[in-house]
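In the numbering used here, the protein residues as written are 124 to 405.
Right, one structure below, let's go through it.
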(Lines of atoms letter the chains of each structure in order from A and count residues from 1; the text may use other names and numbers.)
(Lines give C-alpha, C1' and ligand atoms only; values in the text may rest on other atoms or scores of the structure.)
Protein backbone atom coordinates (compact mmCIF):
# COMPACT_ATOMS: atom_id res chain seq x y z
CA UNK A 1 0.00 0.00 0.00
CA UNK A 2 1.15 3.53 -0.71
CA UNK A 3 1.07 6.30 1.87
CA UNK A 4 -1.00 8.34 -0.59
CA UNK A 5 -3.69 5.65 -0.54
CA UNK A 6 -3.64 5.54 3.25
CA UNK A 7 -4.05 9.31 3.47
CA UNK A 8 -6.97 9.13 1.05
CA UNK A 9 -8.62 6.37 3.08
CA UNK A 10 -8.11 8.16 6.42
CA UNK A 11 -9.72 11.32 5.02
CA UNK A 12 -12.79 9.38 3.84
CA UNK A 13 -12.98 7.33 7.05
CA UNK A 14 -12.83 10.44 9.24
CA UNK A 15 -15.21 12.55 7.16
CA UNK A 16 -17.54 9.66 6.20
CA UNK A 17 -18.32 11.71 3.12
CA UNK A 18 -16.48 11.51 -0.21
CA UNK A 19 -17.16 15.13 -1.14
CA UNK A 20 -15.80 16.55 2.13
CA UNK A 21 -12.83 14.17 2.02
CA UNK A 22 -11.98 15.23 -1.52
CA UNK A 23 -12.18 18.89 -0.53
CA UNK A 24 -9.96 18.25 2.49
CA UNK A 25 -7.39 16.50 0.27
CA UNK A 26 -7.57 19.13 -2.46
CA UNK A 27 -8.51 16.64 -5.19
CA UNK A 28 -11.59 15.85 -7.25
CA UNK A 29 -14.05 13.26 -5.98
CA UNK A 30 -13.89 10.74 -8.89
CA UNK A 31 -10.16 9.91 -8.50
CA UNK A 32 -10.67 9.62 -4.74
CA UNK A 33 -13.48 7.10 -5.24
CA UNK A 34 -11.36 5.14 -7.72
CA UNK A 35 -8.42 5.05 -5.31
CA UNK A 36 -10.59 3.67 -2.49
CA UNK A 37 -12.10 1.00 -4.77
CA UNK A 38 -8.62 0.01 -5.93
CA UNK A 39 -7.47 -0.26 -2.30
CA UNK A 40 -10.45 -2.49 -1.48
CA UNK A 41 -9.69 -4.75 -4.44
CA UNK A 42 -6.05 -5.04 -3.44
CA UNK A 43 -6.94 -5.95 0.14
CA UNK A 44 -9.77 -8.24 -0.92
CA UNK A 45 -12.16 -6.72 1.58
CA UNK A 46 -14.78 -3.93 1.61
CA UNK A 47 -13.62 -1.04 3.77
CA UNK A 48 -16.70 1.17 3.52
CA UNK A 49 -20.43 0.58 3.59
CA UNK A 50 -21.92 2.93 1.01
CA UNK A 51 -25.54 3.89 0.55
CA UNK A 52 -27.08 6.74 -1.41
CA UNK A 53 -27.23 8.78 1.80
CA UNK A 54 -24.35 7.70 4.02
CA UNK A 55 -20.88 6.18 4.26
CA UNK A 56 -19.82 3.95 7.13
CA UNK A 57 -16.84 1.79 8.08
CA UNK A 58 -16.84 -1.99 7.91
CA UNK A 59 -14.97 -4.00 10.55
CA UNK A 60 -12.03 -4.20 8.14
CA UNK A 61 -12.27 -0.44 7.64
CA UNK A 62 -12.08 0.19 11.39
CA UNK A 63 -8.89 -1.88 11.56
CA UNK A 64 -7.33 -0.13 8.56
CA UNK A 65 -8.16 3.30 9.97
CA UNK A 66 -6.38 2.48 13.22
CA UNK A 67 -3.37 0.96 11.44
CA UNK A 68 -3.23 3.75 8.85
CA UNK A 69 -3.03 6.43 11.52
CA UNK A 70 -0.15 4.57 13.17
CA UNK A 71 1.66 4.07 9.86
CA UNK A 72 1.22 7.68 8.75
CA UNK A 73 2.38 8.96 12.14
CA UNK A 74 5.50 6.81 11.74
CA UNK A 75 6.16 8.21 8.24
CA UNK A 76 5.68 11.79 9.45
CA UNK A 77 7.93 11.09 12.44
CA UNK A 78 10.69 9.71 10.23
CA UNK A 79 10.55 12.80 8.02
CA UNK A 80 10.60 15.25 10.93
CA UNK A 81 13.47 13.53 12.73
CA UNK A 82 15.51 13.27 9.52
CA UNK A 83 15.03 16.97 8.76
CA UNK A 84 15.94 17.90 12.32
CA UNK A 85 19.12 15.83 12.13
CA UNK A 86 20.07 17.48 8.84
CA UNK A 87 19.51 20.98 10.20
CA UNK A 88 21.34 20.49 13.51
CA UNK A 89 24.39 22.83 13.47
CA UNK A 90 26.63 20.33 15.26
CA UNK A 91 25.35 17.27 13.46
CA UNK A 92 23.62 16.15 16.65
CA UNK A 93 19.90 17.05 16.74
CA UNK A 94 19.70 16.56 20.50
CA UNK A 95 16.55 15.26 22.14
CA UNK A 96 13.08 16.80 22.21
CA UNK A 97 11.19 15.97 25.41
CA UNK A 98 7.46 16.68 25.60
CA UNK A 99 5.68 17.12 28.91
CA UNK A 100 2.44 18.59 30.11
CA UNK A 101 2.86 22.17 31.31
CA UNK A 102 2.64 22.35 35.10
CA UNK A 103 3.05 18.58 35.63
CA UNK A 104 6.00 16.67 37.09
CA UNK A 105 7.98 19.89 37.55
CA UNK A 106 10.16 18.57 40.33
CA UNK A 107 10.99 15.36 38.49
CA UNK A 108 11.67 17.19 35.22
CA UNK A 109 14.01 19.72 36.80
CA UNK A 110 16.02 17.01 38.55
CA UNK A 111 16.10 14.84 35.42
CA UNK A 112 17.47 17.65 33.25
CA UNK A 113 20.14 18.61 35.81
CA UNK A 114 21.36 15.05 36.40
CA UNK A 115 21.30 14.10 32.70
CA UNK A 116 23.27 17.23 31.72
CA UNK A 117 26.11 16.03 33.96
CA UNK A 118 26.25 12.59 32.29
CA UNK A 119 29.16 11.81 29.91
CA UNK A 120 27.98 12.18 26.34
CA UNK A 121 24.84 14.13 27.26
CA UNK A 122 23.26 16.08 24.41
CA UNK A 123 21.04 19.14 24.48
CA UNK A 124 17.45 18.56 25.59
CA UNK A 125 14.71 20.77 24.20
CA UNK A 126 11.66 20.78 26.47
CA UNK A 127 8.27 21.27 24.82
CA UNK A 128 5.53 22.23 27.29
CA UNK A 129 2.20 20.92 26.02
CA UNK A 130 -1.45 21.45 26.68
CA UNK A 131 -3.41 18.69 28.37
CA UNK A 132 -3.08 15.45 26.42
CA UNK A 133 -0.92 16.91 23.62
CA UNK A 134 2.41 15.30 24.48
CA UNK A 135 1.23 11.86 23.35
CA UNK A 136 0.52 13.07 19.80
CA UNK A 137 3.83 14.94 19.61
CA UNK A 138 5.59 11.70 20.42
CA UNK A 139 3.58 9.74 17.85
CA UNK A 140 4.18 12.10 14.95
CA UNK A 141 7.88 12.76 15.54
CA UNK A 142 7.77 16.24 16.96
CA UNK A 143 9.15 14.76 20.20
CA UNK A 144 11.63 11.94 20.83
CA UNK A 145 10.57 11.14 24.38
CA UNK A 146 7.74 12.24 26.66
CA UNK A 147 6.55 12.22 30.24
CA UNK A 148 3.04 10.75 30.24
CA UNK A 149 0.57 10.10 33.02
CA UNK A 150 -1.54 6.98 33.18
CA UNK A 151 -4.53 6.62 33.15
CA UNK A 152 -5.00 10.03 31.49
CA UNK A 153 -2.52 9.63 28.62
CA UNK A 154 -2.46 6.70 26.22
CA UNK A 155 0.75 4.66 26.16
CA UNK A 156 -0.24 2.02 23.59
CA UNK A 157 2.45 1.56 20.96
CA UNK A 158 5.22 3.11 23.07
CA UNK A 159 8.00 1.62 25.14
CA UNK A 160 7.70 2.93 28.69
CA UNK A 161 9.30 2.87 32.12
CA UNK A 162 7.33 3.73 35.25
CA UNK A 163 8.87 6.56 37.24
CA UNK A 164 6.48 6.84 40.18
CA UNK A 165 2.87 6.85 41.31
CA UNK A 166 0.86 9.30 43.39
CA UNK A 167 -2.61 9.69 44.81
CA UNK A 168 -5.15 12.27 43.66
CA UNK A 169 -6.74 15.37 45.18
CA UNK A 170 -9.92 17.26 44.47
CA UNK A 171 -8.97 20.90 43.85
CA UNK A 172 -11.68 23.41 44.77
CA UNK A 173 -12.01 27.17 45.16
CA UNK A 174 -11.24 28.42 48.67
CA UNK A 175 -14.37 28.62 50.80
CA UNK A 176 -16.17 25.71 49.14
CA UNK A 177 -18.09 23.59 51.69
CA UNK A 178 -16.07 20.46 50.90
CA UNK A 179 -12.77 22.16 51.75
CA UNK A 180 -13.57 21.61 55.43
CA UNK A 181 -13.36 17.84 54.96
CA UNK A 182 -10.17 15.93 55.78
CA UNK A 183 -10.74 13.51 52.90
CA UNK A 184 -13.26 12.59 50.22
CA UNK A 185 -14.31 9.57 48.18
CA UNK A 186 -15.05 9.18 44.49
CA UNK A 187 -18.76 9.14 45.34
CA UNK A 188 -18.39 12.69 46.68
CA UNK A 189 -16.66 13.74 43.47
CA UNK A 190 -19.38 12.16 41.34
CA UNK A 191 -22.07 13.98 43.33
CA UNK A 192 -20.39 17.38 42.94
CA UNK A 193 -22.46 19.77 40.82
CA UNK A 194 -21.22 23.21 41.87
CA UNK A 195 -18.74 23.98 40.59
CA UNK A 196 -18.85 21.33 37.84
CA UNK A 197 -15.87 19.14 37.07
CA UNK A 198 -13.65 20.48 34.30
CA UNK A 199 -13.46 18.50 31.06
CA UNK A 200 -10.26 17.98 29.09
CA UNK A 201 -9.81 16.36 25.68
CA UNK A 202 -9.60 12.64 25.05
CA UNK A 203 -6.82 11.28 22.85
CA UNK A 204 -8.99 11.82 19.75
CA UNK A 205 -9.49 15.50 20.61
CA UNK A 206 -13.14 15.18 21.64
CA UNK A 207 -14.45 16.14 25.06
CA UNK A 208 -16.62 14.01 27.37
CA UNK A 209 -20.18 15.21 27.86
CA UNK A 210 -20.94 17.38 30.87
CA UNK A 211 -21.64 20.90 32.09
CA UNK A 212 -18.07 21.70 33.13
CA UNK A 213 -15.82 23.98 31.09
CA UNK A 214 -13.50 22.54 28.43
CA UNK A 215 -9.84 23.09 29.28
CA UNK A 216 -6.55 22.53 27.45
CA UNK A 217 -4.00 24.27 29.66
CA UNK A 218 -3.01 23.67 33.27
CA UNK A 219 -2.92 27.39 34.08
CA UNK A 220 -6.34 27.85 32.48
CA UNK A 221 -7.72 25.05 34.64
CA UNK A 222 -6.39 26.50 37.90
CA UNK A 223 -7.75 29.95 37.07
CA UNK A 224 -11.21 28.55 36.34
CA UNK A 225 -11.17 26.73 39.68
CA UNK A 226 -10.12 29.89 41.53
CA UNK A 227 -13.03 31.74 39.89
CA UNK A 228 -15.45 29.10 41.14
CA UNK A 229 -16.25 27.90 37.62
CA UNK A 230 -14.73 24.42 37.85
CA UNK A 231 -13.30 21.70 40.07
CA UNK A 232 -10.76 19.05 39.11
CA UNK A 233 -9.29 15.77 40.27
CA UNK A 234 -5.50 16.16 39.99
CA UNK A 235 -2.31 14.35 41.06
CA UNK A 236 -1.04 15.07 44.55
CA UNK A 237 2.08 16.83 43.23
CA UNK A 238 -0.09 19.75 42.08
CA UNK A 239 -0.44 20.84 45.70
CA UNK A 240 2.84 22.75 45.62
CA UNK A 241 1.51 24.96 42.78
CA UNK A 242 -1.75 26.00 44.45
CA UNK A 243 -2.24 29.58 45.59
CA UNK A 244 -4.27 30.79 48.55
CA UNK A 245 -7.43 30.89 46.42
CA UNK A 246 -7.32 27.11 45.87
CA UNK A 247 -7.76 24.25 48.33
CA UNK A 248 -7.09 20.54 47.80
CA UNK A 249 -8.74 17.63 49.59
CA UNK A 250 -7.39 14.04 49.29
CA UNK A 251 -9.69 11.55 47.53
CA UNK A 252 -8.74 8.33 49.25
CA UNK A 253 -10.24 5.85 46.77
CA UNK A 254 -9.27 7.66 43.56
CA UNK A 255 -7.10 5.67 41.12
CA UNK A 256 -3.41 6.39 41.40
CA UNK A 257 -1.64 8.39 38.70
CA UNK A 258 1.57 6.86 37.35
CA UNK A 259 4.17 9.03 35.65
CA UNK A 260 6.00 7.20 32.87
CA UNK A 261 8.76 8.09 30.45
CA UNK A 262 7.80 6.93 26.96
CA UNK A 263 9.55 6.68 23.60
CA UNK A 264 8.83 5.06 20.20
CA UNK A 265 9.84 1.37 20.14
CA UNK A 266 11.70 1.85 16.84
CA UNK A 267 13.96 4.54 18.35
CA UNK A 268 17.68 3.79 18.02
CA UNK A 269 18.82 7.06 19.59
CA UNK A 270 21.60 6.60 22.14
CA UNK A 271 20.66 10.02 23.54
CA UNK A 272 17.09 8.88 24.21
CA UNK A 273 18.44 5.71 25.81
CA UNK A 274 20.69 7.77 28.06
CA UNK A 275 17.86 10.07 29.11
CA UNK A 276 15.64 7.07 29.90
CA UNK A 277 18.39 5.45 31.97
CA UNK A 278 18.84 8.64 33.95
CA UNK A 279 15.08 8.95 34.55
CA UNK A 280 14.72 5.36 35.79
CA UNK A 281 17.74 5.73 38.03
CA UNK A 282 16.20 8.82 39.61
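Even for Gly, the Cβ is constructed at its ideal location relative to N, Cα and C.
All values reported here derive from a predicted model rather than from experimental measurement.
Start and end residues, alpha helix (DSSP H) containing residue i
i, result
"residue 340", "No alpha helix (DSSP H) holds residue 340; DSSP gives it neither H nor E."
"residue 394", "393–404"
"residue 257", "256–262"
"residue 126", "126–138"
"residue 354", "Element bounds for residue 354: n/a, residue is neither H nor E."
"residue 152", "152–166"
"residue 147", "141–148"
"residue 314", "309–314"
Closest Cα partner of residue i within the set the options
i, options, result
"residue 345", "325, 324, 367", "367"
"residue 322", "165, 305, 314, 340", "340"
"residue 87", "141, 191, 205, 160", "It is not possible to answer for residue 87, since the shown part of the chain is limited to 124 through 405."
"residue 159", "224, 317, 134", "134"
"residue 162", "130, 146, 149", "130"
"residue 168", "156, 245, 181", "181"
"residue 318", "329, 349, 223", "349"
"residue 272", "259, 298, 288", "288"
"residue 186", "178, 335, 177, 171", "171"
"residue 398", "184, 249, 325", "249"
Enclosing beta strand (DSSP E) for residue i [first to last residue]
i, result
"residue 384", "380–386"
"residue 222", "218–223"
"residue 374", "369–374"
"residue 241", "Taken as a continuous stretch (DSSP letters only), residue 241 belongs to no beta strand (DSSP E), as it is neither H nor E."
"residue 285", "282–289"
Beta-carbon proximity check, residue i vs residue j, cutoff 8 angstroms
i, j, result
"residue 126", "residue 198", "yes"
"residue 107", "residue 201", "Residue 107 is absent from the model: the chain starts at 124 and stops at 405."
"residue 355", "residue 315", "no"
"residue 284", "residue 402", "yes"
"residue 365", "residue 294", "yes"
"residue 177", "residue 132", "no"
Cβ distance (whole Å) where residue i is taken to contact residue j below 8 angstroms
i, j, result
"residue 379", "residue 290", "6 angstroms"
"residue 361", "residue 309", "In fact, because the Cβ distance is near 18 angstroms, the residues do not count as touching under 8 angstroms."
"residue 306", "residue 370", "Going by Cβ atoms, the distance from residue 306 to residue 370 rounds to 13 angstroms, so no, they are not a contact pair."
Min CB distance residue i to chain D below 8 angstroms
i, result
"residue 135", "Of the protein chains in the structure, only one exists, and it is not chain D."
Does the stretch 215–230 come within contact of the stretch 260–277, defined as at least 3 CB pairs closer than 8 angstroms?
-> yes
Contact the stretch 294–305 vs the stretch 228–237: 3+ CB pairs below 8 angstroms | no
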